[in-house]
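The structure appears right after this line, and notes come after that.
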Amino acid sequence: MLRRHQAIPLLQAAQASPTLAQLSRLTSDSSARLKAIEPLIPPGMRASIQAGPIEGSTWCLLVKGNAAASKLRQLLPSFEAHLRSKGWDVQFIRIKIQARSAG
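Residue numbers for the sequence shown follow this note's numbering, beginning at 437 and rising by one.
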């Protein structure tokens, strides 16, 4: 007996799997958080920052370069306060500097 596998949309697969559904929710939440603080980020830095993982009440921002990370650290208290005022449980924001690819 042959079994044929049918392709299903990613969203449908994510909703059918509790693990993927949770990952999808966290990814959406992380992106929404970044969008919420975007007006607080200096325009020249916005392209250097990406939404990262969420672990409990800690959120991570991925940053390109040490200089951007240093400036961003100064803004973290205002980011955290802003997100809390919007209803997110953000107690701490971590910054992770993205490694540059050799190529």
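Glycine is no exception: its CB is placed at the ideal position from the N, C-alpha and C atoms.
Inter-residue Cα distance where the pair is Phe528 and Pro454:
Distance from the CA atom of Phe528 to the CA atom of Pro454, rounded to whole angstroms, is 26 Å.
Pick from Leu497, Gln442, Ala443 that is closest to Leu474, judged by C-alpha positions:
One detail in the question is off: residue 474 reads as Glu in this sequence, not Leu. Of the listed residues, the one whose Cα sits closest to Glu474 is Leu497.
Going along the chain, which residues of its own chain have a beta-carbon closer than 7 Å to the beta-carbon of Leu512, five neighbours each way excluded?
Ile529
Rounded separation between Leu519 and His441 - CA only
43 Å
In terms of alpha-carbon separation, which member of Leu508, Val526, Ile533 lies closest to Leu476?
Leu508
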